[in-house]
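Numbering (my numbering), first residue to last: 38 to 108.
Beta carbons: idealized from backbone N, C-alpha and C, even for Gly.
Quick caveat, the model's predicted, so the values are computed rather than measured.
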């Protein structure tokens, strides 16, 4: 798989566009989300690995919610 990276100069601008686009859609990315986006843009993380990170985080969140709802 070929991973394309964004030149460092454009990373900050790209992150600003990503964050603003998410906000306009009613989403408010946190530092973890923006860090993941940065790692994708710089080539440190593949989109597939990023999706796996999100799936794992959501699975942990769901498990925590189920555990607390059982009392």
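Against chain D, with Cβ distances strictly below 9 Å, would residue i count as a contact?
i, result
"residue 86", "Protein chains in the displayed structure number just one, and chain D is not present."
Quick check on the burial criterion: 16 or more other C-beta atoms within 10 angstroms. Buried or exposed for residue i?
i, result
"residue 96", "exposed"
"residue 107", "exposed"
"residue 88", "exposed"
"residue 15", "This structure cannot settle anything about residue 15, because the visible part of the chain is limited to 38 through 108."
"residue 68", "exposed"
"residue 74", "buried"
Pick helix, strand or coil for residue i, following the three-state DSSP scheme.
i, result
"residue 82", "coil"
"residue 72", "helix"
"residue 93", "helix"
"residue 88", "helix"
"residue 62", "coil"
ask   = Pairing CB atoms from the segment 47 to 56 with CB atoms from the segment 73 to 87, are three or more of them under 8 Å?
value = yes
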